[in-house]
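Participant: Quick one: structure below, then a few questions.
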Amino acid sequence: MSEVAAFWGPTLDCPEPLELATFYQAICGGSLAVVSETFVELRLDGASLGFQRDLNYRAPTWPDPRVPQQCHLDFKTPDLDATETAVLAAGATKTVLQPSPDVFRVYLDPAGHPFCLTTWGTPSGPAESLNSR
-13 MSEVAAFWGP TLDCPEPLEL ATFYQAICGG SLAVVSETFV ELRLDGASLG FQRDLNYRAP
47 TWPDPRVPQQ CHLDFKTPDL DATETAVLAA GATKTVLQPS PDVFRVYLDP AGHPFCLTTW
107 GTPSGPAESL NSR
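The sequence shown: position 117 = 103 (our numbering), numbered continuously.
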């Protein structure tokens, strides 16, 4: 699959590891290096993203803190609009709350984990850091 955003990151708990790994593969490319019933590893250039089955998994309720977001992933892209189209087509959901939509856009993956697309660190991104998002 072709890459639509750069990524670096950890392992996510989820109910269906292969389904979630395939979703993220559609966003940032890479290859499925390890596939089992309980764990899938997505290998990217210089990074790895893991997905492990949690039979008691509860999706975060961001921005409501009743079930914390647990992890927040950021994907860099120079074109928020084009990349938004790609992540929505892959199965993401755009959240209603968008604190800094010109720099960061917030979405939920199929298991409910929040993630952002950002122009931060790209030529089209902001010149100065944001104090908060």
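Think of the CB as a built atom: it goes at the ideal place given N, C-alpha and C, for glycine as much as any other residue.
Just to confirm, is the Cβ distance from alanine 12 to leucine 28 under 8 Å?
Facilitator: No.
Participant: With which residues is threonine -3 paired in a DSSP beta bridge?
Facilitator: Partner(s): Gly36.
Participant: How would you write the range of the alpha helix (DSSP H) that tyrosine 10 sits in, first residue to last?
Facilitator: Unbroken alpha helix (DSSP H) run through tyrosine 10: 3 to 14.
Participant: Pop quiz: aspartate -1 and glutamine 38 are said to be a contact at Cβ under 8 Å. What is the actual Cβ separation, rounded to whole angstroms?
Facilitator: Indeed, because the Cβ distance is near 6 Å, the residues count as touching under 8 Å.
Participant: Which of the three DSSP states is assigned to leucine 74 in this structure?
Facilitator: Helix at leucine 74.
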